[in-house]
Structure formats: C-alpha cells, structure tokens
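As they're listed, the protein sequences go chains A and B.
Here the numbering used here is used: the first residue of the first sequence is 1, the next is one more, and so on.
Here the numbering used here is used: the first residue of the second sequence is 1001, the next is one more, and so on.
Number of protein chains: 2
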Amino acid sequence: MNYLKLSKTELLNLKADLEEKYSSYKEKGLKLNMSRGKPSPKQLDLSNALLTEDMGSYYAADGTDARNYGVLEGLPETRQFFADTLGLKTENIIVGGNASLNLEYDALIRCWVFGSRGEKPWGQLPKVKFICLTPGYDRHFGMLQDLGIEMISLELKSDGPDMDKIEEIVKDDSSVKGIFCVPLYSNPTGVCYSEENVRRLAAMPTAAEDFKIFWDNAYGIHHLYDEGEKLADIFKLCEEYGTEDRVYYFFSTSKITHPGSGISCIAASSDMIKEIKAHMTYQTIGHDKINQLRILHFFEKNGGIFEQMKRQASILRPKFEMVVKAFEKGFTDSGILTWESPKGGYFVSVNTLEGCAKATAVLCKEAGLTLTGAGATYPYGKDPKDANIRIAPSYPETDELETAVEVFCVCVKLAAVNKLLENK
Amino acid sequence: MNYLKLSKTELLNLKADLEEKYSSYKEKGLKLNMSRGKPSPKQLDLSNALLTEDMGSYYAADGTDARNYGVLEGLPETRQFFADTLGLKTENIIVGGNASLNLEYDALIRCWVFGSRGEKPWGQLPKVKFICLTPGYDRHFGMLQDLGIEMISLELKSDGPDMDKIEEIVKDDSSVKGIFCVPLYSNPTGVCYSEENVRRLAAMPTAAEDFKIFWDNAYGIHHLYDEGEKLADIFKLCEEYGTEDRVYYFFSTSKITHPGSGISCIAASSDMIKEIKAHMTYQTIGHDKINQLRILHFFEKNGGIFEQMKRQASILRPKFEMVVKAFEKGFTDSGILTWESPKGGYFVSVNTLEGCAKATAVLCKEAGLTLTGAGATYPYGKDPKDANIRIAPSYPETDELETAVEVFCVCVKLAAVNKLLENK
C-alpha cells in the first residue's frame, strides 16, 4: 500500500484505525527503550567470567607487576592483542581506559591545546571546522559543538563519504581541520567505506598540515554474519601517500565484553604516538593494567575475541532481522519509510516521510517507547529533513523488541497519515 | 660529628674511608629503587582478593547494571563511600577512573579550554600563573609547565603555605589562577596544613574570580600512626566566606588497594559539579562501574577502608622508622643533612648541604640506587639550593631498604666531603 496515493477518506479511516491500535498500546503502560546502542543483559552474561573467576597472573609477560603504577602506553601484550585483532602494528598502539570516546576526546583536546605536527593549537585559531558525515554519531558532534568547532554536514553515501565534495572542501580551506569517521557499520546507517573511498581519504591533499581523520572503528569486528564486510587498512594506504600522521584510529572492547569496564586503544603513526605520549605523560601514570590482563585472560580462556563476536552475533542477528522483517512487512512500497539492512554494528537507520521524525518520536515516547531524540544524528541536533531515526534493537529482549517494533511501526504510520492529511 | 668543622686532613681521611665503602657497594651490582612512591608487593598483596574472588553483585543498590554503559558521575554508593571516607557530601562527588592525577589534569584543561564561572578560558589569556609550593610534587609542576603556565615558587613551611606571601600575591594579580596543594602529609615533606592556614586559603580575597585551589588530598587517610593528623574541612571553611567554587578536591584508592586499578574522585561545590559535568558529558559515558562495585565489595568484606589503612601502616611504619633512625645515627649534628620525620604519606624529604643534591643522586645512581632526579621537587626541575632529595622508602623490602639507606648515607657524606674540600 502506497500511503502517498491514498485519498483523504482513506487516510481518515486509516487514522481512526491506527489511533485505536495506538491507544491500546498506550493503555499497556509500556516501558521500552531503543535509544542507545547498549548490549542486552544476555550479551553481557557472555562475559560474566570476568566478574567471578580468578583473573590469572597479575604479572605481565615482561614481569611487570600490573597491580602497581606505570606503563603509560599499556602492557606489551595488550598492545599486541589490539594490533593482532585489528591488523595494526604493536608499536603504534596506546591502550586507554574503559572508553575509546575518552581517547577521542583527549586527542581532540590535545590538538586544541597543544596543536599537532608543530602547527598552531586549534584553540588559538579564529575558526576551526570539521566535516561531519550525516546521519552520524551524536557524541562526535557533541564534543565538536562544545569546543565551538563549526560542523560542515555532508550526507554519507552507501559506500562512505562523498569524496568529491570532501576533496573540494579540504584542498583550499586550512581551517578545515578534521573529520570523524565510523568506517565499518557506521553509526547509525551501517554503511561500510569502500576501499576506493578509504584510499581517497588517505590520498587527498589538505590545506591544513595538521588535518586529522578520527577513525572511530567502534564496530570493526562487530559483524552480524560470518561473511563480514572488509575494511581497507587506512595506515597502509596513508603510507603510500606519506599521510600517516593524519590518522587517529580508535577501538575498544566496550561492545565485546562489558561496556562499563572494557579497555580501549588509540593507534597512530610512530611520530604521532610520540606526540601523544609527550603530553599524555602529564595526564596519567598509566591506565588500568589489571583490567588489561583480566580481559586478555578472559579471551584466552574462551576461544579468543573472534569467537566471542560470533556469540554476540548469534544474540544480535535475530533482533536485527526481526526489525527489518517488520519494516518489510509494514512499509514495502509504502512511501513513508525507508531503512537500511545493516550487516553489522548496532543500529538500524530509518527515514520517515519528511517532517515526520520528531512527530514519530513524540508518539513513541507517549506510548512508553524511548528512541534517540529525533535530530540527534545530525550536527546541532538539527535534521534538515526531520526524517532520520536511529533504532537500536540490541538492548530489549526478543519479546519486548517485538512489541517495541510494533509500537514504532504504528507511530510511523500515524505520524505519516497526520502529515499527509495536512495537505488534503 | 660536625662535618663543617673538620680540617682538610680530616676530610681527606674521611673521603678515603667513604670511597672505600662506596666501592664495596658498587662492586655488589645493586639494583635498588627509592624513586617513586610505589607500594611494595607486600602492601599490594593486602588487596589480592580483588583479583581472585567473585566480586559480588554487579547490580548497584539502585538496580543499575554496572556492566553496561552510563552513570557519568559514578554509582551512588561509590560517591557515598568517598563522601563518608573524607567527610564530604555525596552530591558534591564525581567518581573517576584509576587515577586522580587524570581528574586533576582534566580539571585544569577544562579551565584552560572552557574557563570556569563564566570567566575567560585560561588558554585565551596572555599570561597564566600558578603558585607552586616547594619542595612539591613533580607531576603537578609538569602539567603546569606543559601548558606554559608560569610557576611562582614558594617554600612550604612546617604548617603549610606561607599565607602572608600568598595573600599578597593573589590579591591584585588576576593572572594568578591557582595553587596545587597536598594538604596532608605533603609530597615530599610530609607537612600537614594547620587549620589556620586552610582557613586563610578559604578566606583570602583573590583578584581572579576563577582562582582554583587544586586540593590533592592524596594522603588524606594515609597515617603511619593511630593518632593521625587532622585536616580542616576546606569546603566548610570556604562556605563561611562564600568561596566554595574555588576548590577542586581530589582523592583516590591508588595507595589503598592497587595503584594500577583503583578508583578516584573529584569533589567540588554544587555549581562546580554542574560545570564539570556539562563538559565531561562529551568526554566519557562514565567510568568503570564494575571496578567501583568490586572495590566497595572488597572493603565490605575486609573491615572497611580504615582497617585497610592500618594494615598498610603496619607495613610502612617500620620502613619509615628505619630511614629516620639511620639518618639520626649518621647525621645528627653533622651539618650536612636535615630531614623530616613524617607521620604519614609516602616520602621522607631531606636537604643535603647546598649544592650537593645532584652530586649525591649521581653517586647513588652509579652504585645502583635510583632516586627521584634531584631538582624534581621544584618547578622546572630546578632546586635553587640543589639540596632537596625525595626519599621513597615504601617499595623496597626491609633488607633492601636497609642496604639502600646505607648506600644513600655514604653518598650524602661523600658528596658533602667533596663539596667541603672544594673550599679548603
């Protein structure tokens, strides 16, 4: 059924029908949440050995007592673990605390306060701009906004950034200092960057000597299917063009073991690792090494990190498929909702009829279903089309998710019908 | 024996004697370290249950699943734990990661980047100055130096800062933005601030509206004896004068459980907590809540934090007493070494004959005994008298410590004799 072709009478009948369904949900006093990319309790249970079992030796392989102070860059085996997992070099990795977000923020702040590669600190410039791919991750936009960095919105395409436009923007304007990327299973669209686009990011000439790519590979191994998408090695490509200093690469175990208590890393060129450590040495004596060993011990005892990801996928996959199937059933050829069918990551991104995202979210909220605030996936919280909604299907259990999706579908339809009736 | 009264011949004889002893130590190929305030393995063993035992429930008292994302300011019971331990208010506490140093750095950076209390960010001012009490903590001086903040050295007196001088400095010069204080068992002198001095810090008018006291109460409960020194409540005193926004208060469990994997806190006025959180929300989703529960569970099972500190003291006390006794034996009325007899904290601060600290440290180094670099306890690493050395007796085991102190005493004497011979 194509909603756009319905007559006023048909729409009014539909509206009455939808409102009845909506009321019945409202009466149930539901408390459902699809707002954040949080693992479900069953996913968290996969790592409970971290909480109950002896963590093994507290000595690192080189004899370091992990209980005590020290080792700014993290234990050698933890750095190697991240290197092996991501196909990077051990010497280019610094291990962080429980959040790669914190490493991203600190990297941004160091550029702001101290500058990079001998260039002027960004905080001393009259204007600093970043390219923001949309829809994107609200927390990236948030930290830029807090610093007063001007955000240039560019729509993310199905194979990554619009490189023609980006090359044009960065080549002459030295105030454009960087870009945030979630290159694999992008938040929220699930887009994976093509090798060609990664190459162009590595190759492009930038007016700013200190241009930075914040490569937030948060979902780097978070495949829903055995045949995961492949991501090109940005450092290798950058080396071809002598641009390896432009990349800050981030990863964490947050959605692999427990989000509250994982470990994270930043990877960068050898020169940038030196630059980072030169300031980081005043910030901390070193992150939690016990947790580094504890998590390595856990993976060792449980078949490694990739086996863990298969266990995660087996819980997540049916949830994603349920959401997509519900959309196929309710909205194929409807004209009022489009969606992505991601092969990894944590989100299903949808676009409602223009001008209906906020209204849909309000209807959901009033029926007890919390979504990420409409607009949150755009800089300054402003979706120019008021269409994008980020669905996070991971947290609710299957029966709850089923109800949540039903409620969501009714709300999308009701908001669309209301909108369509405005013009009749 | 007063070295200053010895004749040239006496000094030369002494020198020959000392050099013989020194050579015998050198031949032993010692590897001793009194450089950093690190707990010894035996102290760390006190908390090994953290590594081997089931951590208990991973639900916070309010039902929060600590394994998942969230709770920016830390779990309510962890905030209350810090409040109870320090005599502060729960609502004024934010829990951090494994290092209070990191919280100090971040607080400084927020003032630098965003400013405080609506004043201009410090990074946008032509000149920023801090008062640095000497001898002091090298990592405090380091972070100020990295930002290019001008450090005004002021000697710490036996009951705290020289308040006459400080009041004079801060009252007219609005570029003086702050002071770092270790108010109890100060690093390295072990000085405790008198109530009168804390009151004057709270009361003093400052030209800078955004003047900050970085109150690093790192040794707040680290008493060596049952009758611990008392520290006045700076927040309570500040409330009398309406200056509570000037205090950032820091504490951690680093030297209570395991330094590498403890928990930390920052305390501040309600308005400053709001200000901190407004920016911190872009830096992290929240620190490691599992570790917060794990450490609380450990204290619960082991008689509480104050019992733990008694166990720590029973290991540390004999070491401190051994050092002080060796100094009493070797240097009473010698004229070449003065020292403090601290009642808590982690250091014994000594002053050699002027111009002998570096020479002493070099001699120690060559005999296999590592000390904190001479000068490190002063801004820019420059001790104007080249006299202060920070001794950290905590890490070596008793027999090692005995040798280390013997080596140290011989090196102090040899450096002094060499110095005295220069003028004969």
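Just so it is clear, CB atoms sit at the ideal spot from N, CA and C, and this is done for glycine as well.
These numbers were taken from a predicted model, which means no experiment stands behind them.
Could you name the residues of chain A that residue i contacts, counting a contact when the two beta carbons are closer than 7 Å?
i          : result
B:Asn-1302 : Ordered by position in chain A, no residue passes the 7 Å Cβ test against B:Asn-1302, which lies about 16 Å from the chain.
B:Met-1055 : Leu-51
How would you list, in chain order, the residues of chain B whose beta-carbon sits under 7 Å from the beta-carbon of residue i?
i         : result
A:Asn-102 : Gln-1283, Thr-1284
A:Asp-146 : His-1279, Tyr-1282
Can you give me the start and stop residues for the beta strand (DSSP E) that residue i sits inside?
i          : result
A:Ile-152  : 150 to 155
B:Gly-1381 : Careful: B:Gly-1381 lies outside any beta strand (DSSP E) and carries neither H nor E.
A:Phe-214  : 212 to 216
A:Phe-180  : 176 to 181
A:Met-34   : 32 to 34
B:Lys-1329 : Taken as a continuous stretch (DSSP letters only), B:Lys-1329 belongs to no beta strand (DSSP E), being part of the alpha helix (DSSP H) at 1305 to 1331.
A:Leu-337  : 337 to 339
A:Thr-370  : 369 to 371
B:Ile-1273 : Counting along the chain, B:Ile-1273 falls outside any beta strand (DSSP E), though it belongs to the alpha helix (DSSP H) covering 1270 to 1280.
A:Ile-266  : 264 to 267
B:Tyr-1248 : 1247 to 1252
Note down, in chain order, every chain B residue with its Cβ under 9 Å from the Cβ of residue i.
i         : result
A:Met-151 : What A:Met-151 touches in chain B: nothing, since even the nearest Cβ is about 14 Å away.
A:Lys-38  : Asn-1068, Tyr-1069, Gly-1070
A:Gly-345 : By Cβ distance, chain B contributes nothing, its closest Cβ being about 16 Å from A:Gly-345, past 9 Å.
A:Pro-41  : Asp-1065, Arg-1067, Asn-1068
Taking residue i as the query, report the chain B residues whose CB atoms sit under 8 Å from its CB, ordered along the chain.
i         : result
A:Gly-142 : Thr-1281, Tyr-1282
A:Gly-97  : Gly-1097, Asn-1098, His-1287, Asp-1288
If you draw a straight line from the alpha carbon of residue i to that of residue j, how long is it in whole angstroms?
i          : j          : result
B:Gly-1136 : B:Tyr-1378 : 6 Å
A:Leu-103  : A:Ile-131  : 19 Å
A:Leu-237  : B:Ala-1107 : 38 Å
A:Asp-159  : A:Arg-200  : 13 Å
A:Pro-418  : A:Lys-129  : Reading off the sequence, residue 418 of chain A comes out as Asn, not Pro. Taking the straight line from one Cα to the other gives about 39 Å.
B:Gly-1344 : B:Ile-1305 : 16 Å
A:Thr-134  : A:Thr-338  : 16 Å
B:Phe-1141 : B:Glu-1240 : 30 Å
B:Ala-1203 : B:Asp-1172 : 15 Å
B:Tyr-1069 : A:Trp-122  : 31 Å
A:Asp-233  : B:Glu-1077 : 44 Å
B:Ile-1391 : B:Phe-1320 : 10 Å
B:Leu-1293 : A:Phe-82   : 27 Å
B:Val-1176 : B:His-1279 : 24 Å
A:Gly-56   : B:Leu-1044 : 16 Å
B:Tyr-1185 : A:Asn-92   : 40 Å
A:Glu-209  : A:Glu-119  : 7 Å
B:Asn-1152 : B:Tyr-1380 : Contrary to the premise, residue 1152 of chain B reads as Ile rather than Asn in this sequence. Taking the straight line from one Cα to the other gives about 11 Å.
What first and last residue would you give for the alpha helix (DSSP H) that runs through residue i?
i          : result
B:Arg-1110 : 1100 to 1113
B:Ala-1361 : 1357 to 1366
A:Phe-298  : 289 to 301
How would you list, in chain order, the residues of chain A whose beta-carbon sits under 8 Å from the beta-carbon of residue i?
i          : result
B:His-1258 : Arg-67, Asn-68, Ile-290
B:Pro-1126 : Simply none; closest approach about 12 Å.
B:Leu-1044 : Asp-65, Arg-67, Asn-68
B:Asp-1226 : In chain order: nothing, as chain A lies at least about 27 Å away.
Cβ of residue i versus every heavy atom of the ligand NAP: is any distance shorter than 8 Å?
i        : result
A:Thr-85 : Because no ligand of any kind appears in the structure shown, any question about the ligand NAP cannot be addressed here.
At 9 Å on the CB atoms, spell out the chain A contacts of residue i, in chain order.
i          : result
B:Asp-1138 : Residues of chain A passing the Cβ test: none, with the nearest at roughly 10 Å.
B:Gly-1123 : Trp-112, Val-113, Pro-121, Gly-123, Gln-124
B:Asp-1017 : Ordered by position in chain A, no residue passes the 9 Å Cβ test against B:Asp-1017, which lies about 38 Å from the chain.
Listed from N- to C-terminal order along the chain, which residues in the region 155 to 186 of chain A have their beta-carbon within a distance smaller than 7 Å of any beta-carbon of chain B? none
Spell out a yes or no on whether the region 1205 to 1220 of chain B and the region 1180 to 1190 of chain B are touching, meaning 3 or more CB-CB pairs, one atom from each, closer than 8 Å. yes
Under 7 Å (Cβ pairs) to chain B, residues found in the region 101 to 121 of chain A: Leu-101, Asn-102, Tyr-105, Ile-109, Trp-112, Val-113
Please confirm if the region 1245 to 1257 of chain B is in contact with the region 1284 to 1292 of chain B, defined as three or more CB-CB distances below 8 Å between the two stretches. no
If contact is defined by three or more beta carbon pairs under 8 Å, each pair taking one atom from either stretch, is the region 393 to 407 of chain A in contact with the region 323 to 334 of chain A? Short answer: they touch.
Beta carbons nearer than 9 Å to chain C: which residues of the region 58 to 73 of chain A have them? Protein chains A and B are contained in the structure displayed, whereas chain C is not.
When the Cβ atoms of the region 1054 to 1068 of chain B are set against those of the region 1303 to 1311 of chain B, are three or more pairs found closer than 8 Å? no
Name the residues in the region 1261 to 1281 of chain B whose C-beta lies less than 9 Å from a C-beta of chain A; which are they? Residues passing the 9 Å Cβ filter: Ser-1261, Gly-1262, Ala-1278, His-1279, Thr-1281.
Do the region 113 to 120 of chain A and the region 1242 to 1251 of chain B make contact, defined as three or more Cβ pairs closer than 8 Å? no
Sufficient close CB pairs (3 or more, under 8 Å) joining the region 368 to 387 of chain A to the region 2 to 14 of chain A: no
Can you list, in chain order, the residues of the region 1202 to 1217 of chain B whose Cβ is nearer than 7 Å to any Cβ on chain A? none
Do the region 392 to 400 of chain A and the region 32 to 42 of chain A make contact, defined as three or more Cβ pairs closer than 8 Å? Yes: at least three Cβ pairs fall under 8 Å.
Is the region 1227 to 1245 of chain B in contact with the region 1069 to 1078 of chain B, if contact means three or more CB pairs nearer than 8 Å? no
Counting Cβ pairs, one atom from each stretch, are 3 or more of them under 8 Å apart for the region 82 to 97 of chain A and the region 259 to 266 of chain A? yes
Under 8 Å (Cβ pairs) to chain A, residues found in the region 1373 to 1406 of chain B: none
Can at least three beta-carbon pairs, one atom from the region 1409 to 1423 of chain B and one from the region 1354 to 1362 of chain B, be found at a separation below 8 Å? Touching, per the Cβ criterion.
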